[in-house]
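Shown next as structure tokens:
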């Protein structure tokens, strides 16, 4: 099955880069790839008005309640979001998000009509101890928890493999090694969704190494951090999609 490439720009807690909404902006989806922007909540509406495909960096699973500072998946959908990140390593580390909570996020996102992207990845210590596969298998547990949902919902989930040791570190993982890990991840997915699920890579992705990752069969796209905040570099990454 031919999977359409998915290129995501995670702007984290940064302002949009200069020229982000220009007529020839690289942040708009094209026929050859889905391009999704994950801005701060403050800039979501601006990006939607600029005709961009927009995702939320985080969403609360409950539809409403006494959760100061949070926004629900339902509210994000009503605002115009199409995607939602679930389980990013920075959320796991800084906010104590558990696999069970992340599963609840994914279910809430699906029920709200959002496309969740489950982020998984091991730390440097876990990598050095050879625990990569066991950690990824555990972090993929939310996928098994959504199997009870209708197939039309459970199939609309993407995976982003972001080894924590490579995020923002400048450490470049070898594309062939990432391909092997993606093959392992795909083997753990439910049989009915193995061929259709897009698995992205993220971790110090830049304009120089993007094409090397995308050349591999099981790397269906990229989740880009720092380089997505530089228009020229993100343009080059976008051009690497064949």
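In the working numbering, the protein residues as written are 719 to 960.
From the three backbone atoms N, C-alpha and C, an ideal C-beta is built for every residue, glycine too.
These numbers were taken from a predicted model, which means no experiment stands behind them.
Nearest to residue 940 by alpha-carbon distance, out of 775, 777 and 922, is 922. Under the DSSP assignment, residue 756 falls in the beta strand (DSSP E) whose first and last residues are 752-756. With respect to the 8 angstroms criterion, residue 744 and residue 953 are classified as neighbours on the basis of their beta carbons. Comparing C-alpha distances from residue 928 to each of 793, 946 and 813 shows the shortest one belongs to 946.
In its chain, beyond the 5 residues on either side, 751, 752, 753, 754, 939, 940, 942, 955, 956 and 959 have a beta carbon closer than 8 angstroms to the beta carbon of residue 725. Annotation: the continuous alpha helix (DSSP H) that includes residue 900 extends over 893-906. Inter-residue distance for residue 787 and residue 757 is about 16 angstroms (C-alpha atoms, whole angstroms). Excluding sequence positions up to five before and after residue 930, its CB lies within less than 6 angstroms of the CB of 893, all in the same chain and listed in chain order. The beta carbons of residue 858 and residue 840 sit no closer together than 8 angstroms.
Taking a C-beta distance under 8 angstroms as the contact criterion, residue 904 and residue 917 qualify as a contact pair.
823 is the residue among 799, 891, 823 and 796 whose C-alpha sits nearest the C-alpha of residue 809. Scanning the stretch 750-821 for uninterrupted alpha helix (DSSP H) segments of 4 residues or longer gives 762-767, 791-797 and 807-813, listed from N- to C-terminal end. About 5 angstroms separates the CB atoms of residue 807 and residue 882; that is less than 8 angstroms, so the two are in contact.
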